[in-house]
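Residues 1 to 151 in full-length UniProt numbering are what the sequence shown spells out, letter by letter.
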Amino acid sequence: MSALIALLLAAAPPMAIVDELDTVKREPPPHGAIGMSTAWRISDHVPQPRRMEFRRRTLDIGAAIGEHPIAHDEVYYVLDGEGEVVSDGQRATLRPGMTAYLYDGAVVGIWQRGDRPLALVIAYPVKEPVSCPAECTAPSPTAPARTDGDR
Numbered sequence: 001m002s003a004l005i006a007l008l009l010a011a012a013p014p015m016a017i018v019d020e021l022d023t024v025k026r027e028p029p030p031h032g033a034i035g036m037s038t039a040w041r042i043s044d045h046v047p048q049p050r051r052m053e054f055r056r057r058t059l060d061i062g063a064a065i066g067e068h069p070i071a072h073d074e075v076y077y078v079l080d081g082e083g084e085v086v087s088d089g090q091r092a093t094l095r096p097g098m099t100a101y102l103y104d105g106a107v108v109g110i111w112q113r114g115d116r117p118l119a120l121v122i123a124y125p126v127k128e129p130v131s132c133p134a135e136c137t138a139p140s141p142t143a144p145a146r147t148d149g150d151r
């Protein structure tokens with residue numbers, strides 16, 4: 001009986017399904033507030049425990065996630081637009097379908113380039129389970145209108 005209890009306690013939580021429309025808000029990008037962006041903080045709406053951050057962000061023309069040190073590996077995957085990523089001073093251009101895999105300990109950032117906003121998926125692990133901010137329990141009142149391109 002104690003083995004069954006231990007197995008039940010060790011079981012994974014049920015999967016979480018999140019509609020990105022419940023997560024969207026307009027805000028300056030992190031690490032310098034360079035310009036404006038639309039953020040879909042998808043993993044903020046996942047119940048604990050969780051060990052990953054999974055986000056979508058669209059940087060407006062001229063916007064950037066400023067250079068900052070990271071304490072984990074991090075992935076930027078480009079959905080649309082063009083950007084310039086930096087890791088420890090090394091720069092590269094990213095276009096749709098390209099991924100930048102950035103390593104623990106690097107100083108990284110990404111800038112929107114060109115004439116279209118830069119749409120990204122960003123993912124990285126968290127060392128400790130993170131709590132859900134109070135505003136993540138309800139849709140943002142500042143969410144932009146949905147278009148067919150939002151999926």
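Glycine included, each C-beta is placed from N, C-alpha and C at the ideal position.
- Beta-bridge partners assigned by DSSP to Ser43: none are found.
- Out of Thr38, Gly97 and Ser43, the CA that lies nearest to the CA of Met15 is found in Ser43.
- By the neighbour-count criterion, in which a residue is buried when 16 or more other Cβ atoms sit within 10 angstroms of its Cβ, Thr99 is exposed.
- Of the residues Val108, Tyr124 and Leu120, the one whose Cα lies closest to the Cα of His31 is Val108.
- Gly81 is not a Cβ neighbour of Ala39, given a cutoff of 8 Å.
- Residue state for Asp88 is assigned as coil, using DSSP reduced to three classes.
- One alpha carbon belongs to Thr58, the other to Pro49, and they sit about 27 Å apart.
- The beta carbon of Tyr103 sits closer than 7 Å to the beta carbons of Asp73 from its chain, once the five residues preceding and following it are set aside; these are given in chain order.
- For Asp80, the uninterrupted beta strand (DSSP E) run begins and ends at Glu74 to Asp80, by DSSP.
- Around the beta carbon of Leu21, a 10 Å sphere encloses fewer than 16 other beta carbons of the protein chains shown; the residue is thus reported as exposed.
- Taking Lys25 as reference, the option from Asp19, Ala33 and Ser37 with the minimal CA-CA separation is Ser37.
- For Thr99, the enclosing beta strand (DSSP E) stretches over residues Thr99 to Leu102.
- For His68, the CB contacts under 6 Å within the same chain, skipping 5 residues up- and downstream, are His31 in chain order.
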